[in-house]
Structure formats: C-alpha cells, structure tokens
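Residues 1259 to 1569 (our numbering) are what the sequence shown spells out, left to right.
Backbone N, C-alpha and C define an ideal beta-carbon position, used for all residues, glycine too.
If you're wondering where the values come from, they're calculated on a predicted model, not measured in any experiment.
Below you'll find the structure, written out as structure tokens, and then a few comments.
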Amino acid sequence: FWAGSGLFGYVQIFVISNGTETKYYSNSTRNNAYNEQKSKGSSKSTTSNSFEFTNYWSDAQNTIISDLCDFARTFFAKHVILNILTKYCVFNAEDCLMVMRPYQITAAENIVNRVKYMFANANKMPASERQKGGYIWHTTGSGKTLTSFKTSQLVKALEDAEGNNLVDKVLFVVDRKDLDYQTMREYDRFEKGAANSNTSTSVLTKQLEDNTEECRLIITTIQKLSRFISINQSHEIYKKRIVFIFDECHRSQFGGMHADIVKHFKNALLFGFTGTPIFEANAAGSDAAHISTTEQTFGPCLHTYTIINAI
C-alpha cells in the first residue's frame, strides 16, 4: 500500500471501514500521516489533516451512518459522490485538500436550494417574507467559516435559465472590524484572492459599483454597510439581486442596521450563521421590539448542528 505511494497519490478521497465503523478522509490526510511516520524522532502534532480528524458520514438530521453497506448506499450514490468531488472539496492556499463534513455540505446545499427557490417564487410571496432566506445553527468550532466560504462560492456561481448570473453579488457581513480581517485571512487561506475586503466605506462603495467578476464576493462589516446606506439613500445597487450572509447573526443585525438593509436592498436575500440563535425565551435583550427572534429576522432554520451533535 505504501510502497512508492505513486498510485494512491491520484486518489482524492479514501474510505476506511471494518464493516461496522466507516469513515472518509482526503488524500492530504493520508499524505500527512505518511510524512509524520517518515519523520522519526519528531513529535507528532495533531492537525486537521491527521487520521484523528477523519470524518463520519451522516444524514441531514446528523444521524451517523457508520455501517459500511449503508455508507456505500448513500455516500457513493452518483449525485452525492460527484457533488462531493466537484463542489465540496477545497484546496487551501497550501494545496492541502479539505473535504467538507456532512453537516457543512447539507447547510451549503440548503442555502443554494433556498436561493434558487426564493428568486424563482419571489412574486408569489408576501412582501414581508421575500428577503428572509433563513439561518444556519451550527455550534462554535464546527467550521462555519469554511461552510460560509463554500456557500458563498456556490451561490455566486448560480445561473438562470439563460445562463446569466442568478446573483449579482454575495456579501459576507461580520459585526466587528477584527472579524472582518480575520474572515478575509481565513478566506485567503482557503483560496487566495477569492474575496474582497474593505478598509473603509468608500472602498466598499467602489466594490459595490464594480461589476467585474473579482468584486462579486465581498467581505465587510455591518457598520460599513450601514454607513453606506446612510450616505446613499438611493443607489443602483439596491435594485440588484444581492445575497447577504451574516456571520454570528444573533448580535448586531438586530435593530436599526438590519432594518436599513431590508428597507433599501429590495431584491436581496438574507441568510444568517449562528452558534447561539435567539428564541422567544431569550429574546428579552433584543434592541428592537419588532425583531425578537432569529427566525423572525432571517426566516426558517435551514440546518442545525448543535454541541450535542458535535460530541
């Protein structure tokens, strides 16, 4: 198996099983373990590319599918394995292959399907519901940045029946300047130059007005977005199809800034990622009486992966 290692270098994903326990992992995981084995005397470090971080396969309800026959029936279904190979594998900046976990894949697919459905049926919906895409409830440390990155790429790539872009721009919105830089650094780690960040509202304005492919995925803060709206009460961008993806949507998006975005971006769709959604029971601290829960703000929960699922 290890001799030469050349043949297996072309395999993208490996599956290991003893019949009752089955897991999958990327080629980079195998290579990393092989290199660690060759480096005698060096202390082994546990990384996301070590065998300790191989993945279980699960269904949309996060039920682990560990039996080999059940795994093969679902994981190797033609449309599933093709989507994993072509859509849900990411080469990061170090050329390390990352295969997304099942809950990340489900969340991304649900958002993509929701975008297509909402834009196709917008005229049939009440005006108050047209911008509510939904939210993803994934626990802290579950890889929300990678999920949002791949989701943003897939949404950006959507086309209508004529082959034109279904979505004009995707904006990934964070609520603090340090998170803006942190997210940009993470996105660059996944793919250099995949997204644009901005240091000021004027830079954001130029990016929003730029119709080139390079400026279709933008990372910004909600504060810059709010300032852009206050300066530009009317703007051509408000008429375009924009998909907003809010990080940690339980925080700043509640209240005036969120209301401004909904009011001005008439053809926008809003999605939120959160590890701690606001329900009626814990909505008392919200700063806007008419927006009390995450669902009322963003729409239905599209996928859940809680700390209980992660244990």
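Fully contained in the region 1440-1495 are the following alpha helix (DSSP H) runs of length 4 or more, in chain order: 1459-1467 and 1480-1489.
In summary, Ala1568 is exposed, with fewer than 16 beta-carbon neighbours lying within 10 Å of its beta-carbon over all protein chains present. Take the alpha-carbon of Ser1284 and the one of Asp1328: they are about 20 angstroms apart.
Pairing Tyr1361 with Phe1407 gives a Cβ-Cβ distance that is not under 7 angstroms. One thing to note: Phe1430 has its Cβ within 7 angstroms of the Cβ of Ile1477.
Across the structure, Tyr1563 and Phe1537 are spaced so that their CA atoms are roughly 16 angstroms apart.
Val1461 and Ala1453 have their C-alpha atoms spaced approximately 14 angstroms apart.
The closest CA to that of Gln1481, considering only Ile1503, Ser1458 and Leu1466, is found on Ser1458.
For Lys1345, the CB contacts under 7 angstroms within the same chain, skipping 5 residues up- and downstream, are Leu1412 in chain order. Taken through DSSP and simplified to helix, strand or coil, Tyr1346 comes out as coil. According to the DSSP assignment, Asp1328 belongs to the alpha helix (DSSP H) that extends over Leu1326 to Phe1333. In the same chain as Leu1355, and ignoring 5 residues on each side of it, the C-beta atoms closer than 8 angstroms to its own belong to Gln1270, Ser1284, Asn1285, Ser1286, Cys1347, Val1348 and Phe1349, in chain order. Counting C-beta pairs with one atom in each stretch, the region 1383-1398 and the region 1522-1532 have three or more that are closer than 8 angstroms, which means they touch. Sixteen is the threshold: when 16 or more other Cβ atoms of the shown chains lie within 10 Å of the Cβ of Pro1535, as they do, the residue is buried. Per the coordinates, the alpha-carbon of Asn1379 lies some 17 angstroms from the alpha-carbon of Glu1420.
Annotation: Arg1372 to Val1425 spans about 13 angstroms, alpha carbon to alpha carbon. Contact between Ser1324 and Thr1364 is absent: CB atoms are separated by about 17 angstroms, not below the 8 angstroms threshold. Distance from the CA atom of Leu1326 to the CA atom of Ile1339, rounded to whole angstroms, is 15 angstroms. Annotation for Thr1562: the continuous beta strand (DSSP E) segment containing it runs Cys1559 to Tyr1563. For Val1431, the enclosing beta strand (DSSP E) starts and ends at Lys1427 to Val1432. Between Asp1505 and Val1432, the gap from beta carbon to beta carbon is short of 7 angstroms. Listed in chain order, the non-local C-beta contacts of Thr1398 below 7 angstroms within the same chain comprise Gly1533, local neighbours out to five positions each way being set aside. Beyond the five residues adjoining it in sequence on each side, Arg1485 comes within less than 7 angstroms, by CB distance, of Thr1459 in the same chain, given in chain order.
According to the DSSP assignment, Gly1392 belongs to the beta strand (DSSP E) that extends over Lys1390 to His1396. For the options Lys1427, Glu1472 and Ser1386, the alpha carbon positioned closest to that of Gln1554 is the one of Ser1386. Cβ-Cβ distances below 7 angstroms link Asp1418 to Leu1424 in the same chain, with the five nearest sequence neighbours on each side left out; the list follows chain order. Membership of Ser1406 in the alpha helix (DSSP H) is indicated by the continuous run Lys1402 to Lys1414. Contact check for Val1428 against Ser1410 passes: the beta carbons are separated by less than 7 angstroms. Under the three-state reduction of DSSP, Lys1374 is assigned to helix.
Checking the DSSP bridge columns, you'll see Asn1313 partnered with Tyr1282.
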